[in-house]
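Throughout the sequence shown, residue numbering follows full-length UniProt numbering, covering 1 to 140 in sequence.
Each residue gets a CB set at the ideal place from its N, CA and C atoms; glycine is no exception.
Take a look at the structure below.
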Amino acid sequence: MATFKQQHNRKKFTREYKVKEIQRSITKKTRLKKEYFKALKDEGYTVPEKKGEDNPVKRNVKKLKEERALQGKQKLDEKKAMKRERKKLQKEQIQDQRKQEMERIQMSKEKHMARERRKTRMTQKTRSGQPKMGPKIDDY
């Protein structure tokens, strides 16, 4: 069985413990800072004012972040547009291929039907069973 010290040591490696420790250190830091400024004020020194949004460095950093975010969004939009164009081209190519395939199939069907018609004309017979005369061959 583990002792209290060993159990406490195990807790140090959990996320909750670390979060609690960070929060504790932040509150301690702010409390000490507040006490320091109060002591300065009591002794008669001027207390530095809180810096808000007047800091130009922070404003520049914010602007840079916003610009980068906009640039990232624009790049993303461009990529999406290119992807859409590629898909559109692929779709058109597939449609063209299908159309050509259908035309080729239609042509082969027409040729087959023409061959069948010629074959039936050539195999016609008279009443007595003799083959009918075929069409005259013109090769002059």
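Which of the three DSSP states, helix, strand or coil, is assigned to P48?
coil
Would you give the residue range spanned by the alpha helix (DSSP H) that residue 204 belongs to?
In the structure displayed, the chain extends from 1 to 140; residue 204 sits before or after that span and is not available.
7 Å Cβ cutoff met for K132 and Q124
yes
Which residue comes first and which comes last in the alpha helix (DSSP H) that contains S25?
R15 to E43
First and last residue of the alpha helix (DSSP H) that includes K125?
Taken as a continuous stretch (DSSP letters only), K125 belongs to no alpha helix (DSSP H), as it is neither H nor E.
Looking only at its own chain, which residues have a Cβ that is under 6 Å from the Cβ of K91, when we skip the five neighbours before and after it?
none
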